[in-house]
Structure formats: structure tokens, C-alpha cells
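Mapping of the sequence shown onto my numbering: residues 842 to 1124, in sequence order. All C-beta atoms in this analysis are idealised placements derived from N, C-alpha and C, irrespective of residue type, glycine included. Source: prediction; values computed, not measured.
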Amino acid sequence: MLIPRIIPCLDVRDGRVVKGVRFQNLRDAGDPAALAAEYERQGADELVMLDVSATADGRRAAVETVSALRRRISIPLTVGGGVRSEADAACMLGAGADKVAVNTAAVEDPSLVARLAGRFGSQCVVVAIDAARTPDAGEAEPSMSWAVVVRAGTRATGLRADAWSRECQRLGAGEILLTSIDRDGVGSGYDLDLLRAVRRGVRIPIIASGGAAHWEHLAEGLTAGADAVLAATIFHDRIRTVADVKRDLASAGFAVRAAGGLEGSPGGSPDASPAAGPRGGAR
């Protein structure tokens, strides 16, 4: 059985980490490299960096930011935002990413998933699925389904999240990053129904995303079938440290990797460099 992973998320815009609600009203949350180093010190298993304006701007994720993160951390790093081709993926991997996340480009050209998996290996390919709840009026008894949306939730695709996740697995994706648009930044916990619906159809790992504000939310996500749990607010706002969350989960009976580095109470400036230096720059 895989040990669950705790993954802080860095949404980056113009070289700064930002946080909002349902992808709107973004506020500054700090320097990405400093935050990345601090989260590794606290015991993060991996990091995800998403350049939230790259797709809208028609560019790939900022290479200099990826390189800056890699110089400060040694844990696995997934990078998304504007990855539209094998060349874009190669650029991100060359800059220091261990995996690339594709979203809009995969919906527009599903063969991209297969090409990336064929060239770089499935272990390098994460498909990010942003899903919004919608009443399914086609059922005899109305239930809920989830529509795949792209471009920061502003455009519908006509795809259902459960069906699209199965297709991504068939095409060679190694992992699904599943975000509930309805829950993003709200703090009410992951959409567990969405998570269970996707879990029933795929074998590949799922990263739950969107809505976590307390360690109990992470526990609920893992219980509902997530292999990893991604969070931003709980860490950026210093509600709990990664080490705190791991202690909480361990106390609740979850197997977690030991938190490394100095463990302390939440606090400090998100722009402050950690007391300890980077743990090596190579992957």
C-alpha cells in the first residue's frame, strides 16, 4: 500500500505565490522559492507549482521560477501551466520539474497525454482535472455529476470528470490532480463525492485538491480514496505546518512519512528564508 503524500501547492502569478477563492480575487502569499524550501523543511512529500496565468497569457510556465525552486528543494516537483507540447514539457523537466501537469491542452488535444507518456514516461505525466458540480437532469432521479472546466474554470468542455479521468488513464497519464472548482479556497473540505466518483473508475493515483482548511479535511480525502492530498490555504496562512498535519494524521491512524527538519508551531513570514539552507539542488 502506498504511503499517502502531503503536497503543498504553489499557485504562481508574476513570480509570486497567490491564493484566491474559486480561482478569483487572488492575493499575494509570498515568494515561491522561500515557501518551497520552508515546506520541504517541514516535511512536505512533494510540491506542485501551477503558473495560474500561463495558459491565458499563451505562454509556458516561468522557467526561472521552476529553476529557482529546484535550487532550493530536493523533493519531487510537479509543474503545470501552459504546457501545450512535448517541447514545453521538455523545457519544464529540463528546468528541474520531475513531472508536468497538463489541463486545457489535454482537453483540446487528448493525444498530447499519450505523446508525453510515450516520450517521458507515464510517471512524468499528471493530468489536472478541474471539475464543477452540475445537476444531472438526465437521470430518472436527479443526481450530481461533475463537468470538466478549463481556463481557470471559465469555460465548459462538455466532458464529465469521471469519464475524462478514465480516458486520461487509458492514454497513459500516471496521475490525476483532481480539483473541485466549487470548493477551491472555500475551506469547506474536498468534494468527497467527486473524489469517490473518479476513484471508482481509475487505478492510477489521485491527488485530491480544492477546499482543505483543516487536517481533518485531508484525512477525509484520504479515506475517500485519494492517494495524496494537496492544500494551500492551511499552509500559506500558517493554520498548520506540514509537520503538524503529519502528526495529526499519524495520531488518527494514517501511515505518513516522518516530517523532516526542525518542527515548530505555525508562524513566521512567508517571504523569510528558512534557517537551514537548501538540501541540494539536484533531482
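Check: Since I believe residue 1048 is in contact with residue 1016 (beta carbons under 8 angstroms), could you give me their beta-carbon distance rounded to a whole number of angstroms?; Outcome: 7 angstroms
Check: What is the C-beta distance between residue 886 and residue 848, in whole angstroms, given that I count them as a contact (C-beta under 8 angstroms)?; Outcome: 6 angstroms
Check: What is the DSSP secondary structure of residue 1125, counted as helix, strand or coil?; Outcome: Limits of the chain in this structure are 842 at one end and 1124 at the other, which puts residue 1125 out of reach.
Check: Contact between the region 955-962 and the region 997-1007: three or more CB pairs below 8 angstroms?; Outcome: no
Check: To the nearest angstrom, how far is it from the Cα of residue 1014 to the Cα of residue 1088?; Outcome: 32 angstroms
Check: Here's a check: name, in chain order, each residue in its chain whose Cβ is nearer than 8 angstroms to the Cβ of residue 858, leaving out the five neighbours to either side.; Outcome: 851, 852, 869, 870, 871, 872, 873, 876, 1077, 1111
Check: Based on the DSSP output, what are the partners of residue 1016 in its beta bridges?; Outcome: 967
Check: In whole angstroms, what is the alpha-carbon distance linking residue 902 and residue 1082?; Outcome: 27 angstroms
Check: Is residue 845 buried or exposed, if buried means 16 or more other CB atoms sit within 10 Å of its CB?; Outcome: buried
Check: Identify every run of the beta strand (DSSP E) within the region 1019-1054, keeping only runs that are complete inside it and at least 3 residues long; order them along the chain.; Outcome: 1047-1050
Check: Per DSSP, residue 813 is paired with what?; Outcome: An answer regarding residue 813 cannot be provided, because it is not within the stretch 842 to 1124 covered by the chain.
Check: Could you tell me the alpha carbon to alpha carbon distance between residue 911 and residue 1040, rounded to whole angstroms?; Outcome: 31 angstroms
Check: Whole angstroms are fine: how far does the CA of residue 1090 sit from the CA of residue 1060?; Outcome: 7 angstroms
Check: With three or more C-beta pairs closer than 8 angstroms as the rule, is the region 1058-1075 touching the region 1017-1031?; Outcome: yes
Check: Identify whether residue 849 lies in helix, strand or coil by the three-state DSSP scheme.; Outcome: strand
Check: Grouping DSSP H, G and I as helix and E and B as strand, with all else coil, what is residue 995?; Outcome: coil
Check: Got a sec, what are the start and stop residues for the alpha helix (DSSP H) residue 935 sits in?; Outcome: 927-936
Check: Determine the extent of the alpha helix (DSSP H) in which residue 1062 is found, giving its start and end residues.; Outcome: 1056-1064
Check: Output yes or no for whether 9 angstroms exceeds the beta carbon distance between residue 916 and residue 888.; Outcome: yes
Check: Helix, strand or coil, according to DSSP, for residue 859 in the structure here?; Outcome: strand
Check: Between the C-alpha atoms of residue 892 and residue 993, what's the straight-line distance to the nearest angstrom?; Outcome: 11 angstroms
Check: Could you tell me the distance, in whole angstroms, from the CA atom of residue 1045 to the CA atom of residue 855?; Outcome: 33 angstroms
Check: Could you tell me if residue 1064 is buried or exposed, where buried requires 16 or more neighbouring beta carbons within 10 angstroms of its beta carbon?; Outcome: exposed
Check: Within 10 Å of its beta-carbon, does residue 995 have 16 or more other beta-carbons around it, so buried, or fewer, so exposed?; Outcome: exposed
Check: Which residue wins for smallest C-alpha separation from residue 1038, given the options 1062, 1080, 932?; Outcome: 1062
Check: For the alpha helix (DSSP H) holding residue 892, just list the boundary residues, first then last.; Outcome: Unbroken run through residue 892 is the beta strand (DSSP E), 888-892; no alpha helix (DSSP H).
Check: Would DSSP call residue 919 helix, strand or coil?; Outcome: strand
Check: Do the CB positions of residue 1053 and residue 1071 come within less than 9 angstroms of each other?; Outcome: yes
Check: Write down the C-beta distance between residue 918 and residue 938 rounded to the nearest angstrom, noting that I regard them as a contact closer than 8 angstroms.; Outcome: 5 angstroms
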